[in-house]
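Number of protein chains: 2
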Amino acid sequence: MKDVAARAGVGLKTVSRVVNGEAGVSSDTERRVREAITALGFRRNDSARVLRKGTTASIGLVVEDLADPFYSPLSRAVEEVARAHGALLINGSSAEDPERERELALALCARRVDGLVIVPASDDHRYLAPEIAAGVATVFLDRPPGRIEADMVLSDSFEGARSGVAHLIAHGHRRIGFIGDRPGIHTAKERLRGYRAAMAEAGLPVSESWVALGPTGSDRVRTDAARMLDGSGGAAPVTAVFSGNNRVTVTLVRVLAEPEWRGRPVALVGFDDFELADLLSPPVTVIAQDPADLGRSAAELLFRRLDGAEEPPRTLSRPTKLVARGSGEIPPPD
Amino acid sequence: MKDVAARAGVGLKTVSRVVNGEAGVSSDTERRVREAITALGFRRNDSARVLRKGTTASIGLVVEDLADPFYSPLSRAVEEVARAHGALLINGSSAEDPERERELALALCARRVDGLVIVPASDDHRYLAPEIAAGVATVFLDRPPGRIEADMVLSDSFEGARSGVAHLIAHGHRRIGFIGDRPGIHTAKERLRGYRAAMAEAGLPVSESWVALGPTGSDRVRTDAARMLDGSGGAAPVTAVFSGNNRVTVTLVRVLAEPEWRGRPVALVGFDDFELADLLSPPVTVIAQDPADLGRSAAELLFRRLDGAEEPPRTLSRPTKLVARGSGEIPPPD
DNA sequence: GTGAAAGCGCTAACAA
DNA sequence: TTGTTAGCGCTTTCAC
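Top line first, the protein sequences correspond to chains A and B.
Take 1 as the starting number for the first sequence in UniProt numbering and just add one per residue.
Take 1 as the starting number for the second sequence in UniProt numbering and just add one per residue.
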């Protein structure tokens with residue numbers, strides 16, 4: 001910038017004004033400055049600007065896995081809102097590792113992002129308290145923060161799961177399995193709670209061998225599914241399964257498509273919608289969340305905070321929607 | 001940092017040494033400094049560090065759409081490589097808009113990212129020449145740069161498409177349609193070239209009404225597909241379709257599942273693999289690329305440049321793989 | 001082993 | 001309309 005000023009024969013501040021489109025520069029000087037900028041290939045160094053202004057026009061996003069079809073539209077939605085506010089998005093995947101979430105979040109804070117959207121992997125966010133106190137707006141998404149108060153945007157996991165299981169019950173099922181994500185994860189617990197509530201409302205007993213929480217890798221899901229389906233867990237075989245998220249659902253679709261179960265169609269309702277669910281045979285009934293809407297809501301709340309909204313922490317709950325397509329309407333064999 | 005120094009009763013530089021793990025601090029002073037850091041909730045301001053050191057330990061990634069199932073694993077792979085090198089990832093979507101690509105890329109440069117991975121939407125990247133000259137390592141991914149020389153990592157689109165169309169020909173098809181992305185996009189052109197090459201090799205004529213390039217939105221694809229399939233374009237109806245990318249394939253799967261075509265199964269081979277392709281009926285035969293591998297290769301090349309590799313610009317071509325699943329092996333009705 | 005001073009490139013505040 | 005000065009928070013240099 002100094003070089004530009006020298007070349008244009010003006011003061012530093014004049015160049016700054018031109019670069020930032022501030023008023024108070026005669027069109028002639030402006031032209032000279034612009035010429036010098038082009039000639040020198042000058043581009044403002046935003047690091048210096050950040051240092052001086054104390055604001056970075058960037059926000060951070062921490063999700064579980066950027067490549068997951070649930071998180072990728074969510075990230076894109078956050079990006080669009082950021083863009084509308086002139087901010088860039090720095091994002092990273094925690095890989096469901098609390099330590100990695102922490103590292104990422106703190107690295108983002110060290111870069112002085114203006115705000116942070118976090119899908120937590122950890123259940124203790126006290127490490128963020130100093131940052132939040134120092135002014136980093138923070139919104140938790142999909143899962144609540146642990147041991148601190150903060151804004152959050154959640155899907156109604158409990159009600160979604162409850163209605164999905166009630167749907168299976170309404171179609172005549174009495175023995176229903178639940179396969180969900182790891183038990184430490186808030187949404188997994190809430191969805192399981194919804195399952196239990198629906199069963200209890202209908203006066204149906206739940207065998208503990210029908211309930212399986214754990215990693216969403218396909219091996220674990222296959223094992224648990226097989227146990228429920230063939231009755232080797234000790235209780236009678238289930239006639240329907242409720243799946244806790246899109247990763248589990250995809251594995252279950254594969255399991256249920258295998259020859260051994262083909263003769264005895266098993267009903268399936270999955271939490272989360274996914275692409276092509278309607279073209280499978282049978283098409284898959286789901287409890288749909290809108291990941292883009294979740295991302296957008298969280299980002300908008302974040303920018304409202306950055307614009308100075310000073311209310312106490314808020315919780316936004318987003319509804320889910322049952323999409324009946326076929327797999328959830330298969331009756332039990334009687 | 002000044003406050004920490006004051007509180008610990010040491011000099012500024014000593015705090016800096018502790019924070020950065022440099023040698024030359026007695027363990028006693030180190031302890032005092034660490035206490036002050038915790039007490040004050042101090043976190044190094046990386047903007048200042050960047051300003052001083054001239055390097056940001058962050059890289060930028062510009063893709064078409066972060067939410068697209070082709071780009072999201074690619075982004076994740078770039079992120080993992082960045083993480084392994086201690087760098088953060090700033091990324092954005094160009095939405096296939098050259099102006100937006102330019103804005104994003106220049107904004108990233110203004111933040112002084114150390115390097116840039118770009119999936120180009122534009123066909124003229126001369127705007128990046130000053131940045132590259134100024135030391136921003138740049139790798140183009142999936143499509144080559146326009147009007148400048150730079151590193152690039154590409155899939156072998158030509159050979160992939162050629163082999164896919166040859167596969168259809170080997171299964172007896174003589175009238176084959178091609179539906180691809182917009183004609184300005186390099187991969188679309190290459191894949192079309194592959195299609196023409198395979199047809200020519202087999203001595204088959206190509207009616208121009210069998211070829212359709214354009215936006216990947218479902219309306220356009222539906223219209224073009226219907227024209228080829230019912231012969232309303234003037235030429236005889238096609239018995240097979242080759243699809244130029246995963247968005248087009250998904251729409252075609254929907255079109256071909258509709259009642260009007262059910263009676264006359266149409267063969268389909270798609271460029272790009274996608275989740276659940278194997279569970280559709282019929283399962284979809286694809287030319288698979290490995291998006292994660294593309295991302296990883298590009299990022300690794302980028303970091304090799306950042307580590308000082310000084311060779312002239314390189315082009316890496318990644319192979320594709322035909323995955324036969326059923327839809328591409330449907331014979332023509334004779 | 002430790003610290004003081006200079007300066008990275010920019011913008012805010014104030015002069016002219 | 002334009003320029004000058006100070007300083008954002010850190011690291012580098014060099015002296016102690």
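All residues carry an ideal CB built from backbone N, CA and C; glycine is no exception.
Residue i and residue j closer than 7 Å at C-beta
i: R32/B; j: V25/B; result: no
i: D278/A; j: R325/A; result: yes
i: L213/A; j: G234/A; result: no
i: R305/A; j: A137/A; result: yes
i: M228/A; j: V238/A; result: yes
i: L168/B; j: A288/B; result: no
i: D151/A; j: T55/A; result: no
i: N246/B; j: F274/B; result: yes
i: A129/A; j: S94/A; result: no
i: E96/A; j: E64/A; result: yes
i: F242/B; j: G164/B; result: yes
i: G295/B; j: L74/B; result: yes
i: A200/A; j: A166/A; result: no
i: L141/B; j: V117/B; result: yes
i: A110/B; j: R196/A; result: no
i: A36/A; j: R7/A; result: yes
i: L108/B; j: G60/B; result: yes
Under 7 Å by beta carbon: chain B residues contacting residue i
i: A107/A; result: L88
i: A257/A; result: L279
i: P130/A; result: G41
i: E101/A; result: Residues of chain B passing the Cβ test: none, with the nearest at roughly 13 Å.
Buried or exposed by the 16-neighbour rule on C-beta atoms within 10 Å, applied to residue i
i: T14/A; result: buried
i: D68/B; result: buried
i: E101/B; result: buried
i: T251/A; result: buried
i: D46/B; result: buried
i: S281/B; result: exposed
i: S327/A; result: buried
i: T38/A; result: exposed
i: S232/B; result: exposed
i: T223/B; result: exposed
i: K53/B; result: exposed
i: G11/A; result: exposed
i: E258/B; result: exposed
i: S27/A; result: exposed
i: K189/B; result: buried
i: S317/B; result: exposed
i: G92/B; result: buried
i: A299/A; result: buried
i: E310/A; result: exposed
Under 9 Å by beta carbon: chain A residues contacting residue i
i: G93/B; result: According to the sequence provided, residue 93/B is Ser. The question's Gly does not apply to it. Ordered by position in chain A, the residues that pass the 9 Å Cβ test against S93/B are R76, E79, E80, R83.
Contact list for residue i against chain A, beta-carbon separation under 8 Å
i: P73/B; result: A67
i: V250/B; result: E275, L276
Within chain B, the residues that residue i reaches when beta carbons sit closer than 8 Å
i: V44/A; result: For the record, residue 44/A in the displayed sequence is Arg; it is not Val. Chain B residues near R44/A: A110.
i: R254/A; result: L279
i: L141/A; result: Those within 8 Å of L141/A in chain B number zero; the least Cβ separation is about 16 Å.
Cutoff 7 Å; reference residue i; Cβ partners in own chain excluding five residues on either side
i: F303/A; result: V81, H85
i: H125/A; result: P145, G146, R147, I148
i: R112/A; result: V50, T56
i: F70/A; result: N246, D272, P291
i: A329/A; result: The question names Ala, but residue 329/A in the sequence shown is Glu. So the qualifying residues of the chain are H171, T285.
Close Cβ partners of residue i (< 8 Å) along its chain, the five nearest in sequence each way excluded
i: T184/B; result: Note that residue 184/B is Gly in the sequence shown, not Thr. D123.
Chain A residues whose Cβ lies nearer than 7 Å to that of residue i
i: A48/B; result: L51
Cβ-based neighbour list, residue i, same chain, cut-off 6 Å, excluding 5 preceding and 5 following
i: R174/A; result: L204
i: V248/A; result: I179, T216, V221
i: residue 335/B; result: Past the edges of chain B, shown from 1 to 334, lies residue 335/B, and the structure says nothing about it.
Proximity test, residue i beta-carbon vs the ligand ADP heavy atom, cut-off 6 Å
i: D273/A; result: Absence of the ligand ADP from the depicted structure is noted, as is the absence of any ligand whatsoever, leaving it without description.
Problem set entry | Secondary structure, alpha helix (DSSP H): runs of 4+ residues fully inside the stretch 200-243 of chain A | 218-230
Exercise. Fully enclosed by the stretch 81-110 of chain B, which alpha helix (DSSP H) runs are 4 residues long or longer?
Worked result: 98-110
Problem set entry | Length-filtered (4 minimum) alpha helix (DSSP H) runs lying within the UniProt domain "HTH lacI-type" (1-53) of chain A | 2-8, 12-19, 27-40, 46-53
For this session: Go through the stretch 244-291 of chain A residue by residue and report every complete run of the alpha helix (DSSP H) that reaches 4 residues or more, in order.
Result: 246-256, 259-262
For this session: Mind listing, in chain order, the continuous beta strand (DSSP E) runs of no fewer than 3 residues lying wholly within the stretch 124-207 of chain B?
Result: 137-141, 151-155, 176-180
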